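Asker: One structure, pasted below without further comment.
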Amino acid sequence: MSDTSRTAVLVKPDGLQRGLIGEIISRFERKGLKLIGLKMVNLSDDQLSAWYVEHKDKSFFGDLKSFMGSMPIVSMVWEGIDAVPVVRKLVGTTLGREAEAGSIRGDFGMSQQFNLIHASSSGSDAKREIAIVFDTDELFEYAGVREAVIYADYEMADLK
Ligand code: CMP
């Protein structure tokens with residue numbers, strides 16, 4: 015399995031309050047991605063500091079952490095060939111009002127901070143982020159019966 019085949023997603027507090035959990039899950043399911051982990055959590059300050067380590071020197075770091083820690087978020091792990099870039103494309107660019115129509119942020123968001131959803135930006139970020147929220151026994155391996163009609167046989171090797 016390649017290192018971009020698993021990606022972490024958080025539905026942020028604004029996505030929860032906007033009632034977009036089902037819509038977001040549905041978009042990933044319809045695309046053909048496989049859900050292998052899902053839970054609702056209150057992220058601690060330590061978890062958020064680790065999650066947003068790349069932003070630790072930014073002026074908005076404190077605001078971002080208090081927003082993300084203000085209520086539960088819904089965390090997920092999705093799997094599929096190139097899941098990291100595929101999910102980033104479905105999510106859209108950071109600023110909601112500029113995000114591409116058809117993407118989640120482009121269809122539902124106007125804001126920069128309230129941009130509804132987080133998606134890992136690389137395979138190594140995905141690995142790090144997944145470990146912040148999920149224990150290994152909270153990630154599930156199961157045969158996906160849809161794979162046979164989602165991927166051609168020659169592509170299946172990339173899922174192993
Ligand atoms: P995301 O790309 O998921 O991860 C970093 C987040 O920081 C980003 O989404 C925005 O929600 C938030 N962010 C980025 N820039 C700013 C900013 N200038 N002020 C507040 N929040 C920001």
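Numbering-wise, the sequence shown is residues 15 to 174 according to the numbering used here. Backbone N, C-alpha and C fix where the C-beta goes; we use that ideal spot for every residue, glycine too. These numbers were taken from a predicted model, which means no experiment stands behind them.
With a threshold of 6 angstroms, establish whether the CB of Leu-109 neighbours any heavy atom of the ligand CMP.
Answerer: Here residue 109 refers to the residue found at position 95 of the sequence shown. No; taking the cut-off as 6 angstroms, the Cβ of Leu-109 has no heavy atom of the ligand CMP nearer than that.
Asker: In the DSSP output, which residue or residues are listed as bridge partners for Ala-133?
Answerer: Taking the first residue of the sequence shown as 1, we reach residue 133 at position 119. Answer is Val-23.
Asker: From Gln-127, Lys-45, Ala-97 and Gly-110, pick the residue whose C-alpha is nearest to that of Lys-141; which is it?
Answerer: Taking the sequence shown and counting its residues from 1, one reaches residue 141 at position 127. When each option's Cα is compared against that of Lys-141, the closest is Ala-97.
Asker: Buried or exposed for Glu-143, please, with buried defined as at least 16 other CB atoms from any protein chain shown within 10 angstroms of its CB.
Answerer: Position 129 of the sequence shown, counted from the start, is the residue given in the question as residue 143. Buried is the call here.
Asker: Should Leu-30 be flagged as near chain D, meaning a C-beta pair shorter than 7 angstroms?
Answerer: No chain D appears in the structure shown, which is made up of a single protein chain.
Asker: Tell me the rounded alpha-carbon separation between Thr-21 and Leu-49.
Answerer: Counted from its first residue, the sequence shown places residue 21 at position 7. Counted from its first residue, the sequence shown places residue 49 at position 35. Their Cα atoms are separated by approximately 10 angstroms.
Asker: Is Phe-148 near the ligand CMP - that is, is its Cβ less than 6 angstroms away from at least one heavy atom of it?
Answerer: Start at 1 with the first residue of the sequence shown, and residue 148 comes out as number 134. No, the Cβ of Phe-148 stays beyond 6 angstroms of every heavy atom of the ligand CMP.
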